[in-house]
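Novice: Numbering-wise (the numbering used here), the sequence shown opens with residue 1 and increments by one.
All residues carry an ideal CB built from backbone N, CA and C; glycine is no exception.
Below is one structure. I have some questions about it.
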Amino acid sequence: MQRTIIILCFALGGAGTLSAQNAIKLEQQSTAFLYAQLNLHTGFSNPGTGLQFGLPGRGTPNQLSLQLHKINQPLLQKGYVPLISLDSWRVRTSFSYAQSTSEFTIVETVNNGGPGNGPGPGNGPGNGPNQEVILITGTASNGHLNVNLQDAWLKFRTKWDRTSIRIGYAPVSYGHHPDMDANNSFMTNIDNTEFGFARDLGVYVKTPLSRELDLEVGLSSGGALRNPLLQTNSEAAAGDADVGETASGRWLLAGRIGQPSFRGTEFGLLFAAGNITAPFGIDPVVRVYRIGGEWIRKLREFARLTNQLTLGQTATQSEGNFTSVSLQNNLDLFLSRHVIFGLANSLNVQAGDETTTYVNSTLAGSLTYVVSPHTRFRFNQFVSPVNYGGSSNWGVSMQFITGIGWR
């Protein structure tokens with residue numbers, strides 16, 4: 001009997017050892033995520049020159065994007081940060097097709113006739129000065145392929161609770177926005193309304209001021225990488241040469257002081273100052289000062305309402321100073337597991353010291369059918385009653401988004 005008990009004890013101990021060895025050999029947590037995403041977008045629009053079919057007047061162009069996200073494995077294994085440590089990094093690029101329009105004029109040189117000195121009793125062939133006659137004027141569409149940088153950053157965690165640092169090309173720290181499908185969203189946001197760009201090259205810090213308040217602030221280049229990294233159509237690229245100039249003297253300090261994003265109701269104070277690539281007017285660079293607030297209300301998993309209002313001044317060299325007012329409203333309704341409805345309204349008014357006033361307004365809506373976490377169909381519509389150039393635009397489009405990989 002004693003021998004039987006000893007044999008059973010050895011058997012149970014051996015089984016435990018084998019189980020422990022199997023547990024040690026389990027696959028480690030994934031730390032590298034490669035994701036490819038395709039976006040197809042087409043529809044009808046009217047930019048004030050007649051109905052057009054093709055790329056929509058706004059939103060994400062037809063593109064293929066590639067993203068690599070990497071989590072620092074030693075930090076996961078260590079479980080704590082002595083002072084500062086690399087948390088993760090991401091690179092995301094896209095290859096897109098876009099169109100631009102340019103005006104053209106066809107001119108023919110003709111002789112204007114006039115008295116001549118040919119033989120015979122009458123005047124001969126005229127020899128007056130030549131004259132240019134405009135035969136055709138219009139606009140032409142130019143297609144071009146772009147290589148764009150959408151993300152390229154390093155994120156560091158620190159030993160201080162809820163404090164992180166992000167360095168590189170990343171979203172500007174200027175208000176909270178719905179980040180669902182941010183790279184292909186049809187909605188407007190306060191960053192693009194105010195500055196003309198939502199991502200910039202810089203350093204971004206997030207840290208708590210108290211249990212109920214966070215500070216998010218970033219110092220960036222003021223729109224240095226606003227243009228594509230590479231554009232195949234040189235004529236189209238030349239039209240944007242003013243925003244592709246060197247970023248010397250350009251900078252943007254933007255941030256938010258407010259409640260953390262995990263709360264059901266958020267209040268925040270927005271602020272910004274800097275020299276940025278001009279979103280309107282004739283100067284390549286403008287000086288901006290902004291202050292404002294936001295209120296965000298989340299109703300569990302059903303709805304999210306965002307309201308943002310900013311005031312400030314925009315200073316230009318050629319056109320003087322402008323009083324700036326921007327309003328942004330977003331509503332997202334999650335009607336079911338597969339149906340999402342979004343509505344966005346943006347208004348930006350730049351009232352000049354003299355008679356010049358620039359206005360840009362857009363109302364956009366999007367109905368999304370979610371097939372899977374990677375695939376969705378979207379029906380979009382928008383109307384821009386007035387933009388900075390003084391014209392109007394409206395359009396409807398269909399958008400198909402699908403992806404493969406891990407994110």
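Taking the alpha-carbon positions, what's the Leu-335 to Gln-399 distance?
Specialist: In a straight line, the C-alpha of Leu-335 is about 19 Å away from that of Gln-399.
Novice: Could you name the residues of the same chain whose beta carbon sits closer than 6 Å to that of Asp-191, not counting the 5 residues immediately before and after it, in chain order?
Specialist: Same-chain partners within the cutoff: Val-172, Tyr-174 and Ala-198.
Novice: What are the boundary residues of the beta strand (DSSP E) that Asn-195 is part of?
Specialist: Residue identity differs from the one stated: residue 195 is Phe in this sequence, not Asn. Premise fails: Phe-195 lies in the alpha helix (DSSP H), 190 to 195, not in any beta strand (DSSP E).
Novice: Could you tell me if Gly-258 is buried or exposed, where buried requires 16 or more neighbouring beta carbons within 10 angstroms of its beta carbon?
Specialist: Buried is the call here.
Novice: How should Pro-56 be labelled, buried or exposed, when 16 other C-beta atoms within 10 angstroms of its C-beta is the threshold for buried?
Specialist: Its Cβ being crowded by 16 or more others within 10 Å, Pro-56 is buried.
Novice: Quick check on Arg-304 - is its C-beta less than 9 Å from some C-beta in chain D?
Specialist: Of the protein chains in this structure there is only one, and it is not chain D.
Novice: At what residues does the alpha helix (DSSP H) containing Pro-74 begin and finish?
Specialist: First-last of the alpha helix (DSSP H) with Pro-74: 73 to 78.
Novice: Would the segment 207 to 223 count as touching the segment 364 to 377 if we require 3 or more Cβ pairs under 8 Å?
Specialist: As far as the Cβ criterion goes, the segment 207 to 223 does not touch the segment 364 to 377, which means the pair count is below three.
Novice: Three-state secondary structure (DSSP) at Ala-182?
Specialist: Helix, per DSSP.
Novice: If you scan the segment 26 to 93 from start to end, which runs of the alpha helix (DSSP H) of 4 or more residues do you find wholly inside it?
Specialist: Listed in chain order, the complete alpha helix (DSSP H) runs (minimum 4 residues) inside the segment 26 to 93 are 73 to 78.
Novice: Under 8 Å by Cβ, that's how I've got Tyr-35 and Gln-67 pegged, so tell me the actual separation to the nearest angstrom.
Specialist: That belief holds up - the Cβ atoms of Tyr-35 and Gln-67 are roughly 5 Å apart, short of 8 Å.
Novice: I'd like the list of long-range same chain contacts for Pro-260, defined as Cβ closer than 6 Å, with 5 residues on each side in sequence excluded.
Specialist: These residues qualify, in order along the chain: Asp-214.
Novice: With C-beta atoms as the reference, is Gly-274 less than 9 Å away from Arg-250?
Specialist: Yes, these two residues count as a Cβ contact at 9 Å.
Novice: DSSP on Asn-146, reduced to helix/strand/coil?
Specialist: Three-state DSSP puts Asn-146 in a strand.
Novice: CB-CB under 7 Å to Thr-232, same chain, minus the five flanking residues each way: which ones, in chain order?
Specialist: Hits under 7 Å: His-144 and Leu-145.
Novice: Where does the unbroken beta strand (DSSP E) through Phe-322 begin, and where does it stop?
Specialist: That run of the beta strand (DSSP E) goes 320 to 334.
Novice: Let me know if Thr-355 comes out buried or exposed under the rule of 16 or more other beta-carbons within 10 Å of its beta-carbon.
Specialist: The residue in question, Thr-355, is exposed, as its Cβ has fewer than 16 Cβ neighbours within 10 Å.
Novice: Tell me where the beta strand (DSSP E) around Glu-216 begins and ends.
Specialist: Note, Glu-216: beta strand (DSSP E), 214 to 220.
Novice: In terms of residue numbering, what span does the beta strand (DSSP E) encompassing Val-172 cover?
Specialist: Premise fails: Val-172 is in no beta strand (DSSP E) and is neither H nor E.
Novice: Could you tell me the alpha carbon to alpha carbon distance between Val-217 and Gly-202, rounded to whole angstroms?
Specialist: Straight-line Cα distance between these residues: approximately 10 Å.
Novice: Starting from Ser-381, follow the beta strand (DSSP E) in both directions and report where the run begins and ends.
Specialist: Residue identity differs from the one stated: residue 381 is Gln in this sequence, not Ser. Segment 376 to 386, the beta strand (DSSP E) holding Gln-381.
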